[in-house]
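Below is one structure, written out as structure tokens; the observations come after it.
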Amino acid sequence: MMIEPKTLKQIEKKLEEDISKEIELIKSEVFFILDKDLDIYFLKEFAKYYPRKLLKEKAEILLDTLLNYLMKEVLEKIKSMHLDQQYEFFKENLRNKIRTKAFSENGSFKPQPVKIKEDEGLLDKTITAAPGIAVSAGGIIATMAIPETVPLKAIPAISSLVGPIYIIKKLKDKNRRLKNIWKKQINSYLKLAKNDLKKWLLDMEAEFLKNLESFYKKTISSSFENVIDKSNTNFAKIKSI
Amino acid sequence: MFLEQNIKKSNFKLSDYKIYKQQIFELFENYKNLRGELNDGIDLKSLENRIENLKNNQFLIAVAGEVKAGKSTFINSLIKEEILPTDVLQATNALIEIFYSKRPYLKVTYASGKIEILEDSPKEVLKEKLKEIAAIPEEYRDIPVNLIDLYILENGELNIIDNEFIKYLEEKSGMENLKELKYKLENYAFSRSRDNIPIKIELGYPFPWEFDEIRLVDMPGVNAVGGVHDISFSFLDRANAILFIHPIKPIESESFKRFISSVITNKSKENLFLILTHSAVFFEEKDRLLEEAKRIYSSLISPDRIFAVDSILKLIYEDLEKGKTLEEIKKEQRQKRKWIVYFKDLAEEEGLDNKEAFIKYSGFENLIPVLENFLLSAPFSELINILELLREGYKEQINIHQETIRLLESQKRDREEFLAEIEKRQKGLKKLETYCYFVLEEAATIFIGVHSPIENSLDQLKLNYYDKFIKSTNIEELRKYYRDAENDLNMIVQENIKNISKFFKEKLEQIGEQFREEYNIQIPKIDFSAIEESCRKAVAKREEITKEVVESIAENWNFLKPWKWLKSSRTKKVVVGIREFIDEEAFFKTLKNNLIESFVDVIEELRDQFYRAFDFYKKSIGKLLEEKRTYLENLKNELKTIERIDYEILMLEKKIALIEKEVKIIEEFIKRLS
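Line by line, the protein sequences are chains A and B. With my numbering, the residue at position 151 of the first sequence is 152, and numbering never jumps. With my numbering, the residue at position 498 of the second sequence is 561, and numbering never jumps.
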């Protein structure tokens, strides 16, 4: 084995800490926005889509972090090996292999959609449409404000825009209640997502170790098992120049 | 802020710059010839682009200020030609771009796409035309013509002027009792169409000035009805210098404060100058007022950037320069008369001759060198950068030639020895490749992942700007913050890219010596500045996309045009017979929401770009090593006669001598520039 089980455990521990930190960051970012006095329709969409989006983003960065940890350990070992073995390892391009796998259709991290309470009754009451015309106010405001060029994911499906008059009434208390419900829901969503994320990263770690193992078998255990070419300056030495 | 320091330290002149530029073009041609097919590590394509940019370099000066602040007179005095009409109230939302052209040229682009060109017309004709298109006709001075034009720009036509529309105009313009002027509004509105509303005015003229690389942009008044136009903003962002024109008295300027606090970006602030005009009117108090301005605005703008000038005095000076006498000027131009009388006396008292006196009293003597210096500090450092690249390329060429000579000599002495030498180098190269791989992995641990500086900065920046977006109280402020955020983001990415460059450069330099001693191989020269440039461009491209997004939200005047917001229901309105209203507060809120939403995308895209930039470094290093390997392989396989070897050595030595000569010229040049 090129990475000791003990070291691997330490890496996983560090990774776990990183995951927790990143999940906390996502939470504080989402809550930061939710706490603001913004349009409730926007916030609803925000709460629905944003945590998932951030999770995907953070997953990629965490994968790089994991690869950094793993590579650091492996390279320490590789550095003391024969130049040809080092060269072979470099040609293997392990980091890229794992990244490619991680972002492939089958291997990528796919967080679940966020399910939040959609109290349509409460939302609809905020809108007084022109007599006889029911409209979704969030949709209207958004359609009007956004020029064609802006891709807007946070806008709910736009209802048929026929309503001529609308007024937004501020129902702050009700909104606050709704926001608190969303926060709780996001909290539990992130808890679950954290586990999924961890599992995905550990799968990637396993993939890395599998590849490493096969490289080791292919290159090192065949002809040059444990050969260390003392005549070659090792890279730890070069590094310290 | 580095630019300010440069102002104090250096003394750049436009005339010098032009000569130096020409010399660099020649040196670059020599470089290309001497380099031939050799890869000296300098990215030729990127260097060619930089040379091309230098050739097309233009300095954009935006002249902003309130209506009637004296912008047009100021521009006239700067370009030494009284071509912009000054006795009219500027009405257009179109910018006027003014630049040097050998032949007089006026191009007006109208909203319908119609283009009108006046060529080779005398100055008076051009002036008259400008007056016709850019000025508010006398009879319409009391109605908000800009807002009406804007409506037509967006909707094509205006068929009816009803009370609601008039109310809207009143609200937006701050003008009162427009109802009483309904007939006037109708007269004006019905005479306007997209065919006669200009959106861009370009004026080329053989100005008798030395700034032929400068493009001046006369911006519509910042307090002009309807606010600042979207095009104005994009110009402000791109401008190398922004001159805000304000009358010297009253010195307090709300529009200037607002311009700084909520119109221009933090980045643009570094290019800002405050020009206090009409200093002749308050000549006795001028110095005191200037000092007061420096004190009042000390938190907004550096005191070195505030100037008091008088454009009329400068124009009198220009007349004198053209050979006119004061008497003649007095007779021809009555508006200059009282200044001539007053300042002629003052000049006599101070024992100055007329020309000396008028340029001194105009204040332009102080402004021009500082402005010129400011504009040139960045281009001058670009000249030095290019020269340094040429020098580095040449040095690498010498190394490569010397290495080839050594190999050829060993081939001449003994073929076995030669092959052994090549093999040794090949082994060294393999080791170098492996070393580079380790360096790249080390770089990954520093520059990517959750602990990387870029991730930390992005997280912080995001929350900071969310807060600003949410707290902003009007659309202008929101737009400014968004642009600030974009600039900051860009800076973070650029800085990180720069750090990667630095990291690789240092690592390779560290190892270079050892590889040369051990394997006789040179670490190939890698043009990190070119890699940086490519990455920067890639990021900038992203920025353009995001800019488009932001501009269209915040700058397309939709907030002024409820008609457009509800355009799709407008036709229905006619049928139903009720008028729509929009809750502007709701609109503003939504705008904020959407900015937050698109900001998230921008950050994601930039991060993505950064990661791609990182890969780009990997590839660039790999490519150079590959080339080096092929070069050695070719040498190994090529068997040469002694005569051929002697000839090649001779040619290489000649080339080295030529290169050394060029290097000497470049080094002297760099010394002169620094």
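Just so you know, even glycine gets a beta-carbon here, dropped at the ideal spot from N, CA and C.
Specify the secondary structure class of residue i as computed by DSSP and reduced to three states.
i, result
"A:K126", "Bear in mind that a pLDDT of 43 at A:K126, under 50, signals an unreliable position, so the number given afterwards is only what the model happens to contain. Of the three classes helix, strand and coil, the one that applies to A:K126 here is helix, per DSSP."
"A:A194", "helix"
"B:I422", "helix"
"B:T497", "helix"
"B:T340", "strand"
"B:E129", "coil"
"B:T172", "strand"
"B:P261", "strand"
"A:I166", "Residue placement at A:I166 cannot be trusted, given a pLDDT of 26 that sits under 50; what the coordinates show is reported in the next sentence. Looking at A:I166 - three-state DSSP - the assignment turns out to be coil, as it is neither helix nor strand."
"B:D212", "helix"
"B:L363", "coil"
"B:L97", "helix"
"B:F122", "strand"
"B:I62", "Given that chain B is displayed from residue 64 to residue 737, the structure contains no residue 62 of chain B and the question cannot be resolved."
"B:F345", "coil"
"B:A483", "helix"
Residue i touches chain A at which residues, Cβ-Cβ below 9 Å?
i, result
"B:K565", "Those within 9 Å of B:K565 in chain A number zero; the least Cβ separation is about 17 Å."
"B:D522", "L26 and E30"
"B:I659", "I34, L39, F43, F47 and A155"
Note down, in chain order, every chain B residue with its Cβ under 7 Å from the Cβ of residue i.
i, result
"A:K37", "I533"
"A:F33", "L526 and Y529"
"A:L198", "Within 7 Å Cβ-Cβ: nothing; A:L198 doesn't reach chain B, min ~12 Å."
"A:L84", "K493, K494 and T497"
Starting from the beta carbon of residue i, find every residue of chain B whose beta carbon is closer than 8 Å, and list them in chain order.
i, result
"A:M72", "E504, A507 and T508"
"A:E58", "E667 and R670"
"A:D204", "What A:D204 touches in chain B: nothing, since even the nearest Cβ is about 18 Å away."
With a cut-off of 8 Å on the beta carbons, I'd call residue i and residue j a contact; round off their distance for me.
i, j, result
"B:D382", "B:I392", "5 Å"
"B:T54", "B:D300", "This structure does not reach residue 54 of chain B, given that chain B is present from 64 up to 737, and the question cannot be answered."
"A:I247", "A:L191", "The structure shown does not extend to residue 247 of chain A, since chain A is modelled only from 2 to 242, so the question has no answer here."
"B:K84", "B:L117", "6 Å"
"A:I34", "B:Y529", "6 Å"
"B:L552", "B:L524", "7 Å"
"B:R454", "B:E730", "7 Å"
"B:Y680", "B:I517", "Between B:I517 and B:Y680 the Cβ distance is about 14 Å, and since that is not below 8 Å, they are no contact."
"B:I251", "B:V208", "Note on identity: in this sequence residue 251 of chain B is Tyr, with Ile being the wrong assignment. That pair is a contact at about 6 Å."
"B:L248", "B:I229", "7 Å"
"B:K543", "B:S325", "5 Å"
Quick one: is residue i buried, meaning 16 or more other Cβ sit within 10 Å of its Cβ, or exposed?
i, result
"B:F253", "exposed"
"B:M714", "exposed"
"B:Q86", "exposed"
"A:R177", "exposed"
"B:G491", "buried"
"B:G512", "buried"
"B:I659", "buried"
"B:A21", "Residue 21 of chain B is absent from the model: chain B starts at 64 and stops at 737."
"B:R351", "exposed"
"A:T101", "exposed"
"B:L503", "buried"
"B:M554", "exposed"
"B:P34", "No statement about residue 34 of chain B is possible, as the shown extent of chain B runs from 64 to 737 and does not include it."
"B:Y500", "buried"
"B:A343", "buried"
"A:F216", "buried"
"A:P114", "exposed"
List, in order along the chain, the chain A residues whose C-beta lies closer than 7 Å to that of residue i?
i, result
"B:G512", "I62, D65, T66 and N69"
"B:E518", "I62"
Which residues of chain A have a Cβ atom closer than 8 Å to the Cβ of residue i, listed in chain order?
i, result
"B:E690", "Chain A residues near B:E690: none, gap ~18 Å exceeds 8 Å."
"B:T536", "Under the 8 Å cutoff, chain A gives no residues; its nearest Cβ is about 13 Å from B:T536."
Report the neighbours of residue i on chain B: residues whose CB is nearer than 9 Å to its CB, in chain order.
i, result
"A:E23", "V513"
"A:L191", "Ordered by position in chain B, no residue passes the 9 Å Cβ test against A:L191, which lies about 16 Å from the chain."
(Q) My parser needs the alpha helix (DSSP H) runs of 4 or more residues fully inside the region 158-207 of chain B; what are they? (A) You should have 186-197.
Q: Output the residue ranges of the alpha helix (DSSP H) runs that lie fully inside the region 401-456 of chain B and measure 4 residues or longer, sorted by chain position.
A: If we require 4 residues or more, the alpha helix (DSSP H) runs fully inside the region 401-456 of chain B come out as 417-425.
Q) Which ranges does the alpha helix (DSSP H) cover as unbroken runs of at least 4 residues, wholly within the region 500-586 of chain B, from first to last along the chain? A) Entirely contained in the region 500-586 of chain B, the alpha helix (DSSP H) runs reaching 4 residues are, in chain order, 516-534 and 538-582.
Q) Unbroken beta strand (DSSP E) runs of length 3 or more, entirely within the region 24-107 of chain A: which are they? A) Runs found: none.
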